Ligand SMILES: Nc1ncnc2c1ncn2[C@@H]1O[C@H](COP(=O)(O)OP(=O)(O)OP(=O)(O)O)[C@@H](O)[C@H]1O
């Protein structure tokens, strides 16, 4: 704690507050999330520390002080997608942002982790989109069957939860795909697909949602339709989404090239 100067509280979450801090030695800004112990486990810090990716908020360190778990992470100075979603985007910028969030989420799925709380608020902006807030994430263990809202910790009023969870059926990485479908829908229409709980459960979760504006390209209509498949087995994985659409494929390749360049830069030449 003594390595950082506390600058201001930038928000309060259900598990504690988020504070903007400055590192005394480097003078760089970070966000320190203070999580009440033992209310929340150390899972968020552990999972975040294993994720190193250009589209995931970077972990710096975690430590315990005064019954609090302090998680220090990259400061995403441009806020979150929820705030930026107010303004209409062009189809190409929608696809660009969407590809970035899919690339970040695919990285965590490749590590057998489910985010379980994907929504426009956890998508931070730092130039590129970065996935944050791993407080509800869990490891997808093939031996265990994840099922129902009780084990699905997230309970978000903006309703990004997939139909299989409402129906108390087993869920997996495809439930994160549904949530990202909701974010894509919001980017396209500037509103959530369901105006109320009733319409979410009786309509959207049964495959009926207000159509996207006809001026948007077929690609976006098709993506939303696929991601809102009510049976998770019919819903594409993030790998399929990123490889079967040209615009998304290009973004995916671009991230891989940048990631490779960063790694090459970090690894001493004699070890490359
Ligand atoms: N790395 C970050 N960079 C910039 N702002 C952040 C960062 N992490 C969190 N914030 C902001 O701090 C506030 C609190 O975030 P936090 O993750 O603690 O809770 P929350 O997402 O608001 O709520 P909950 O965890 O209950 O869903 C939010 O406004 C969030 O956008």
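Numbering (our numbering), first residue to last: 24 to 295. Idealized CB from N, CA, C, for every residue including glycine. Keep in mind it's a predicted model, so treat the numbers as computed, not measured.
Of the candidates 210, 184, 122, the residue whose Cα lies closest to the Cα of residue 220 is 184. When distances are taken from the beta-carbon of residue 94 to the heavy atoms of ligand 1, even the shortest one reaches 7 Å or more. Under DSSP, the beta-bridge partners assigned to residue 53 are 44, 97. Judged by pairs of C-beta atoms under 8 Å, the region 102-119 does not touch the region 36-55, as fewer than three such pairs exist. Put simply, the region 77-90 touches the region 124-137. At least three CB pairs are less than 8 Å apart. For ligand 1, no non-hydrogen atom lies closer than 7 Å to the CB of residue 183. Secondary structure at residue 109: coil, using DSSP grouped into helix, strand and coil. One Cα belongs to residue 255, the other to residue 194, and the distance between them is close to 8 Å.
The beta-carbon separation of residue 129 and residue 261, rounded to 4 Å, stays under the 8 Å limit for a contact. According to the DSSP assignment, residue 79 belongs to no beta strand (DSSP E), since it is labelled neither H nor E. By a beta-carbon distance limit of 8 Å, residue 87 does not contact residue 53. Their separation comes to about 17 Å.
With a threshold of 7 Å, the Cβ atom of residue 121 does not count as near ligand 1, since no heavy atom of the ligand is closer than that. Inclusion of residue 146 and residue 199 in the CB contact set at 8 Å is not warranted, their separation being larger than that value.
In the DSSP annotation of this structure, the continuous segment of the beta strand (DSSP E) that includes residue 36 starts and ends at 27-36. Partner residues in the beta bridge of residue 85, as assigned by DSSP, are 94.
Residue 216 is classed as buried because its beta carbon has at least 16 other beta carbons within 10 Å across all chains shown.
If you check the CB distance, residue 57 and residue 40 come in under 8 Å. Not a single heavy atom of ligand 1 lies less than 7 Å from the C-beta of residue 199.
Sequence-distant Cβ neighbours of residue 238 in its own chain, meaning closer than 7 Å and more than five residues away, do not exist here. When DSSP states are grouped into helix, strand and coil, residue 184 belongs to the coil group. Boundaries cannot be given for residue 134, as no beta strand (DSSP E) includes it and DSSP labels it neither H nor E.
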